[in-house]
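What follows is a short report on a single structure.
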Amino acid sequence: MTDVTIIGLGQMGLKLGELMLAAGKSVTLWNRSADKAPGLVAGGAQLASSPAAAIAASPVTLICVYDYAAADEILNAPGVPAALDGHLMINLGTGSPEDARNAEAHVTQHGGRYLDGAIQAAPSQMGQDDTPILISGPSAVFAEALPLLAILAGHPSHLGERIDAAAFMDLATLSYVYGAFGGFLHGARIAESVDISVATFGGIVEQISPSFGAFFKHEAAVIESGDFAITESPLRISIPAVERILRTSKTLGINTELPALVHSWLGKAGQAGLADQELAALIKILRAG
10 MTDVTIIGLG
20 QMGLKLGELM
30 LAAGKSVTLW
40 NRSADKAPGL
50 VAGGAQLASS
60 PAAAIAASPV
70 TLICVYDYAA
80 ADEILNAPGV
90 PAALDGHLMI
100 NLGTGSPEDA
110 RNAEAHVTQH
120 GGRYLDGAIQ
130 AAPSQMGQDD
140 TPILISGPSA
150 VFAEALPLLA
160 ILAGHPSHLG
170 ERIDAAAFMD
180 LATLSYVYGA
190 FGGFLHGARI
200 AESVDISVAT
210 FGGIVEQISP
220 SFGAFFKHEA
230 AVIESGDFAI
240 TESPLRISIP
250 AVERILRTSK
260 TLGINTELPA
270 LVHSWLGKAG
280 QAGLADQELA
290 ALIKILRAG
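In my numbering, the protein residues as written are 10 to 298.
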């Protein structure tokens, strides 16, 4: 028996294997194409001949494949359902909340224990004290898995018992990431349209990001409290700010979809009498549909 099995040897799966070996863990591997394994095998890992053999070789499996369709195919491969009995399966791929619920049902139906996870870092960022990994599932199972998870991330976040919590939080954080990236690209278009260095713009974004992270954390607390009294940023000052972005974008002849959307939200907020509340009160407009 080995300590842990890793299924899926993309860039992230390879990194998981490296970290486990570096921590002194014995590792079994399986990947659809075995040509990805030689480096880890040279480092002491064992390569299994099938998913079932890989799962049977360890008490815990980390599965890190492209999506839940690939994971589902593996979990239903010959011999795997029987190998799940008494096994701890931790899925670190990406998928929907429904995917997480279905995977848990399949594993537990066959006598196994299941945690659903989401890695919110690049392979090069794994294994650090601040590496973010989101985990959801039974607290007792999380406690059992924590020594292994702590090798991958200094402080894995357990989001609670409901198995789909990590998938929902992954969607929530990705909404922020892609929204912010859309704003970044729009800012880059403003910069390059007037011959200002986009690289300089990127450096300024890096400088202001920590303070805005703290601001968003504050606004999240405001939303959760339900008290939208002004504490940091009155909503009213954002209305003309976004109006300037939209007007200038039109003048420059660049895409205006993003500022037009935010301008629309803020306009509705002003009409709804929210101007003299904290900026986070804008969520009331989104709640209205």
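Cβ atoms here follow ideal geometry from the backbone N, Cα and C, with glycine treated the same way.
Cutoff 8 Å; reference Gly262; Cβ partners in own chain excluding five residues on either side: Ser202
Leu124 - partner residues in DSSP beta bridges: The partner list for Leu124 (beta bridge, DSSP) reads Ile99.
Span separating the alpha-carbon of His227 from that of Arg122: 36 Å
Check whether Leu143 and Ala175 have beta carbons under 8 Å apart: yes
Classification of His164 by the beta-carbon crowding that lies within 10 angstroms, buried from 16 upward: exposed
Ile327 (DSSP reduced to helix, strand or coil): Residue 327 lies beyond the range of the chain shown here (10 to 298); nothing can be said about it.
Short Cβ contact (8 Å threshold) for Ala284 with Ile248: yes
Residue range of the alpha helix (DSSP H) that includes Ser202: Ala174 to Ser202
Beta-carbon separation (whole angstroms), Ala61 vs Val89, contact threshold 8 Å: 5 Å
Whole runs of the beta strand (DSSP E) within the region 38-122, excluding any shorter than 3 residues: 69-72 and 97-100, all fully within the region 38-122.
Distance CB(Gly136)-CB(Ile160) smaller than 8 Å: yes
Residues of its chain near Lys259, where Cβ-Cβ distance is below 7 Å and the 5 sequence neighbours each way are ignored: These residues qualify, in order along the chain: Thr265.
For Leu143: DSSP bridge partner residues: Residue pairing by DSSP places Leu143 opposite Ala127 and Ser166 in a beta bridge.
Reduced DSSP category for Ile246 - H, G, I as helix; E, B as strand; rest coil: helix
CB of Leu71 within 8 Å of CB of Leu23, strictly: No, these two residues do not count as a Cβ contact at 8 Å.
Spatial neighbours of Val13 in its chain, beta-carbon cut-off 7 Å, leaving aside the 5 residues before and after: Met29, Lys34, Val36, Ser67, Val69, Leu71 and Leu157
For Ile294, the three-state DSSP class (helix, strand or coil): helix
Option in Ala162, Trp39 and Ala189 with minimal Cα separation from Cys73: Trp39
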